[in-house]
Amino acid sequence: MYLCGPTVYNYAHIGNARPAVVFDLLARLLRRSYKLRYARNITDVDDKINQAAIDSGKKIDEITAQYIKAYNDDMRALGVLPPDIEPRATQHIDEMIVMIGTLIDKGFAYEAEGHVLFDVSSDPDYGKLSKRDLREMIAGARVEVAPYKRSAQDFVLWKPSTPELPGWDSPWGRGRPGWHIECSAMAEKHLGETIDIHAGGQDLVFPHHENEMAQSNCAHDGAPFARYWLHNGFLSLDSTKMSKSLGNVLLVHDMVKKIPGELIRLALLGAHYRQPLDWSDAALEGARSMLDRLYGAIRGIELSDAERKAADPPAAVIEALEDDLNSPKAMAELFSYARALNKAKDENERRKLAAEILAAGDLLGILQMDAESWFAGNNDSELSADDIESLLKQRDEARASRDFATADSIRDQLAAAGITIEDSPTGARWRRS
Ligand code: AMP
Ligand code: ZN
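Final position of the sequence shown in the numbering used here is 435; the numbers increase by one with none missing.
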């Protein structure tokens, strides 16, 4: 599996974390049944990096080293396991030069004014992945075409560098690669000509993945590039596109200082990966109360290593994940286990259910804390969701028997623990204030 990774010129925002988390879950799932080789690249040569170096007065190497480290630290905090290979573009320039040379030799690319361009008209399959028609694209093109391009859709494989910009010697002069060729060359080197799964965010379908596919198919005489393409939907913030110009960007780096990583992770897995995900306080609170309920169920049950090792995640959780990585369904299935555990009286049954829930937690990358630390560290009150539900039930019973003194004292106790109760026709609702 190959996932297009970050361009390292700033901190990852919560949208950037979505593909890393979603495809980390897929990698964990695949490893149960297959021998997986998972590559997630680092784009460490890019004009945005060059600009960041100019803006900050730092060296390019300092910028990329700083943000590679930050990315890895931030993803670790979200429970993302390191991929098997993390190839860096700058360490694969030779492979890119060879691939570009092959494309020229086979008639799919041409050199013009120090640039090398991919000739899209030479590839009859161009547009297939993103379901675009090349003729329509050409007809609709309004962009000013660079003079060295034969067609507006031709894209850069290699471009010349001025002396102050990073560059490498090549048969076409000193220059640097285009973005798309990086992934084609790194995927070929580490995963071979045909890879099973190619993943990334939906925005990468065109042009990035279309171009990767064109380069690789043409360089490899038509051998399929990827058997399956998986694209995650976009994350918005309070229904608005997350963008720097709007100033509504949430950086993972800041968030993990305040919010437990597995809580952020669960909120990211709260929507099916192909669907859009709207990030909001409500989404985070939803994930928090899910974790409260799960930790509340397993709290106080001390399992031995042997009991943990012997347990498998519930079959229904696996089935949901094996059905196009349906993480919301997997969570719903896990809850039915937590409910069963809450009801179970038999100690062996309780231990077995707790071990299965924890095994599912290991697969999903949640429930990695000790239940006591979860409640100590994450609730303003020391009350779990289960404690609160049970107090609310007692309050309802007190009110039903017109024992208002008890009902009021329970309300006060909850208020002191930072819990607000809202009575509604369908019963009391609560939230942490
Ligand atoms: P970039 O560093 O911009 O190349 O982005 C890294 C990854 O994050 C790519 O796979 C993008 O598709 C993905 N990505 C960027 N913004 C979002 C977003 N708002 N929601 C989901 N994925 C995103
Ligand atoms: Zn890529």
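Idealized CB from N, CA, C, for every residue including glycine.
Cβ pair residue i, residue j closer than 9 Å
i: Leu-366; j: Leu-271; result: yes
i: Gln-154; j: Glu-195; result: Going by the sequence as given, residue 154 is Ala instead of Gln. No, they are not a contact pair.
i: Met-371; j: Leu-268; result: no
i: Leu-248; j: Ala-201; result: no
i: Val-2; j: Gly-175; result: There is no way to answer for residue 2, as the model of the chain reaches only from 3 to 435.
i: His-192; j: Glu-214; result: no
i: Leu-80; j: Val-258; result: yes
i: Ala-221; j: Leu-105; result: yes
i: Thr-45; j: Glu-138; result: no
i: Thr-24; j: Ser-132; result: Note that residue 24 is Val in the sequence shown, not Thr. No, these two residues do not count as a Cβ contact at 9 Å.
i: Arg-301; j: Glu-374; result: yes
i: Ile-423; j: Arg-434; result: no
i: Phe-1; j: Ser-186; result: Residue 1 is absent from the model: the chain starts at 3 and stops at 435.
i: Leu-38; j: Met-77; result: no
i: Arg-229; j: Asp-198; result: yes
i: Glu-212; j: Arg-134; result: yes
Residue i classed as buried or exposed, judged by whether at least 16 other C-beta atoms fall within 10 angstroms
i: Gly-129; result: buried
i: Asp-26; result: buried
i: Leu-369; result: buried
i: Ile-421; result: buried
i: Asn-2; result: The chain is shown only over 3 to 435; residue 2 falls outside these bounds and no answer can be derived.
i: Val-445; result: This structure cannot speak to residue 445, because the chain is shown only from 3 to 435.
i: Thr-66; result: buried
i: Phe-406; result: exposed
i: Val-82; result: buried
i: Lys-161; result: buried
i: Tyr-275; result: buried
i: Ala-317; result: exposed
i: Arg-352; result: buried
i: Val-47; result: buried
i: Ser-241; result: exposed
i: Ser-411; result: exposed
i: Gly-379; result: exposed
i: Ser-218; result: buried
Residues near residue i by beta carbon distance below 6 Å, same chain, minus five either side
i: Ile-99; result: Ser-172
i: Leu-28; result: Leu-327
i: Trp-376; result: Tyr-297
i: Ile-95; result: Trp-170
i: Leu-31; result: Leu-323
i: Ala-234; result: In the sequence under discussion, the amino acid at residue 234 is Asn, which differs from the Ala named in the question. Here the set comprises Arg-20, Pro-21, Val-24, Gly-203, Tyr-275.
i: Val-118; result: Ile-102, Ala-111, Leu-159, Trp-160, Trp-174
Neighbourhood of residue i by C-beta, 7 Å cutoff - its chain only, sequence neighbours within 5 removed
i: Ala-72; result: Tyr-13, His-255
i: Ala-289; result: Leu-265, Leu-268, Ala-269, Gly-272
i: Asp-121; result: Phe-110, Ala-111, Tyr-112, Arg-152, Asp-156
i: Arg-42; result: Leu-5, Gly-7, Pro-85, Glu-88
i: Pro-315; result: Glu-358, Ala-361, Ala-362, Leu-365
i: Leu-355; result: Tyr-339, Ala-342, Leu-343, Ala-346
i: Ser-383; result: Note on Ser-383: pLDDT 48, under 50, position unreliable in the model; the coordinate value appears next. The answer, listed in chain order, is Ala-419, Gly-420, Ile-421.
i: Lys-50; result: Thr-9, Tyr-11
i: Pro-278; result: Gly-235, Phe-236, Ser-238
i: Pro-330; result: Gly-272, Ala-273, His-274
i: Gly-263; result: Ala-79, Leu-80, Gly-81
i: Ala-387; result: Ser-291, Asp-294, Arg-295, Gly-298
Close-in-space but distant-in-sequence residues of the same chain around residue i (CB under 8 Å, 5 per side omitted)
i: Met-244; result: His-15, Ile-16, Gly-17, Leu-237, Ser-238, Asn-250, Val-251, Leu-252, Trp-281
i: Ile-261; result: Leu-286
i: Leu-136; result: Val-122, Ser-123, Tyr-128, Gly-129, Gln-155
i: Ile-303; result: Arg-352, Arg-353, Ala-356
Where in the stretch 38–89 do unbroken runs of the alpha helix (DSSP H), each at least 4 residues long, occur, reported from the N-terminal end onward?
49–58, 62–79
Report the start-end ranges of each alpha helix (DSSP H) in the stretch 151–228 that is 4 residues or longer and not cut off at the edges.
181–193, 212–221
When you get a sec, list the residues whose CB is within less than 5 Å of any heavy atom of the ligand ZN, chain order please.
Cys-6, Cys-185
Could I get the ranges of all uninterrupted beta strand (DSSP E) runs contained in the stretch 387–430, with 3 residues as the minimum, in chain order?
421–426
Those runs of the beta strand (DSSP E) which lie wholly inside the stretch 111–155 and span at least 3 residues
111–114, 117–120
Which ranges would you report for the alpha helix (DSSP H) in the stretch 285–358 if only whole runs of at least 4 residues count?
307–312, 317–324, 329–345
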